[in-house]
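Here is the structure we will look at.
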Amino acid sequence: MSTGIWILFIVLALLAGAAIGFFAARKYMMKYLKENPPINEQMLRMMMAQMGRKPSEKQVKQMMNQMNKSQK
């Protein structure tokens with residue numbers, strides 16, 4: 001009977017570790033993306049310039065707002 005208890009304990013420990021690891025990694029990634037957004041205004045201007053467009057400040061702000069809305 002003690003072998004069954006040990007197996008149950010090991011399975012429960014693995015499940016608890018996986019759950020804690022998942023939530024810790026998720027929290028870390030959310031914090032990282034908030035501090036280091038994937039695209040900022042300067043990168044957006046550079047991308048538009050490479051496409052041959054000279055964006056106005058209004059266009060840049062609109063695109064940043066749209067990207068921020070889609071992230072949430």
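Residues 1 to 72, numbered by full-length UniProt numbering, are exactly what the sequence shown covers, in order. Using N, Cα and C, we set each Cβ at its ideal position, and we do this for glycine too.
Considering residue i, what are the terminal residues of the alpha helix (DSSP H) in which it resides?
i     : result
Gly21 : 2-35
Is the Cβ-Cβ distance between residue i and residue j less than 8 Å?
i     : j     : result
Arg45 : Pro37 : no
Can you tell which of the options has the C-alpha that lies nearest to the C-alpha of residue i?
i     : options                    : result
Glu41 : Leu14, Gln71, Met67, Ala25 : Met67
In angstroms with no decimal places, state the Cα-to-Cα distance between residue i and residue j.
i          : j     : result
Met29      : Ile39 : 16 Å
Glu35      : Ala24 : 17 Å
Lys9       : Arg26 : Looking at the sequence provided, one finds Phe at residue 9 rather than Lys. The straight-line gap from Cα to Cα measures roughly 26 Å.
Leu14      : Ile5  : 14 Å
residue 73 : Lys58 : Any answer about residue 73 is impossible in this case: the structure gives the chain only from 1 up to 72.
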